[in-house]
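First up is the structure itself, then whatever we jot down about it.
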Amino acid sequence: VQLQAFGGGLVQPGGSLTLSCAASGNIFGINAMGWYRQAPGKQRELVANINSFGNTNYADSVKGRFTISRDNAKRTVYLQMNSLKPEDTAVYFCNYKKGFYDAWGQGTQFTVSS
């Protein structure tokens, strides 16, 4: 599975942005797609993920502000981010999981700053 992420850039605090990640390859069957982020000097952390059934999981820090969704026909997962804060600044990585298999996108930088 290959993942290509789109989006990122510079956004002002309180602003919104949507990241998308398109998957190619064999993604049939039960799987989960999601987003992780890694800020400078910090470990990579889960932001949100969504499985084949549409069940979602969010980090506490983004609950109520971020929404993850997926379009299985387009093999794409989206992360709608609202009410952005400077602490959301990080490199965001798209992720695909199926059983013990893990695939990662290339990462996209996203900065929240005035």
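So the sequence shown is numbered by our numbering: it starts at 2 and just counts up by one. For glycine and all other residues, C-beta sits at the position ideal for the given N, C-alpha and C. The model shown is predicted, which means the values in this text are computed figures rather than measured ones.
Exercise. Grab me the residues of Lys99's own chain with a C-beta within less than 6 Å of its C-beta, minus the 5 sequence neighbours each way, in chain order.
Key: By 1-based counting over the sequence shown, the position of residue 99 is 98. Cβ neighbours of Lys99 beyond the five flanking positions: Asn32.
Quiz item: Run through DSSP, which three-state label would Ser62 get?
Solution: Counted from its first residue, the sequence shown places residue 62 at position 61. Three-state result, Ser62: helix.
Exercise. May I ask you to check if the CB of Phe29 is nearer than 6 Å to at least one heavy atom of the ligand FMN?
Key: By its list of ligands, the structure shown contains no ligand whatsoever, and the ligand FMN lies outside what it can speak to.
Practice problem: Under 8 Å Cβ to Cβ from Ala60, same chain only, skipping five residues before and after it: list those, please. | Solution: The residue you call residue 60 lines up with position 59 of the sequence shown. So the qualifying residues of the chain are Glu46, Leu47, Val48 and Ala49.
Quiz item: Between Thr38 and Gly9, what straight-line distance do the alpha-carbon atoms span, to the nearest angstrom?
Solution: Here residue 38 is taken as the residue at index 37 of the sequence shown, counted from 1. Here residue 9 is taken as the residue at index 8 of the sequence shown, counted from 1. Residue identity differs from the one stated: residue 38 is Arg in this sequence, not Thr. The straight-line gap from Cα to Cα measures roughly 12 Å.
Quiz item: From what residue to what residue does the beta strand (DSSP E) around Gln5 run?
Solution: On the sequence shown, residue 5 is found 4 positions in, with the first residue counted as 1. In this chain, the beta strand (DSSP E) harbouring Gln5 covers Gln3 to Phe7.
Quiz prompt | Inter-residue Cα distance where the pair is Lys75 and Ser115 | solution = Numbered from its first residue, the sequence shown carries residue 75 at position 74. Numbered from its first residue, the sequence shown carries residue 115 at position 114. The C-alpha of Ser115 is placed about 34 Å away from the C-alpha of Lys75.
Self-check item: Beta-bridge partners of Ser70, as assigned by DSSP
Solution: Start at 1 with the first residue of the sequence shown, and residue 70 comes out as number 69. DSSP lists Tyr79 as the bridge partner or partners of Ser70.
Self-check item: Residues of its chain near Gln107, where Cβ-Cβ distance is below 7 Å and the 5 sequence neighbours each way are ignored
Solution: Residue 107 sits at position 106 when you count from the first residue of the sequence shown. Ala6.
Quiz item: What first and last residue would you give for the beta strand (DSSP E) that runs through Asn52?
Solution: Taking the sequence shown and counting its residues from 1, one reaches residue 52 at position 51. Start and end: Glu46 to Asn52.
Quiz prompt | One or two residues paired with Phe94 in a DSSP bridge | solution = Residue 94 sits at position 93 when you count from the first residue of the sequence shown. BP columns for Phe94 point to Tyr37.
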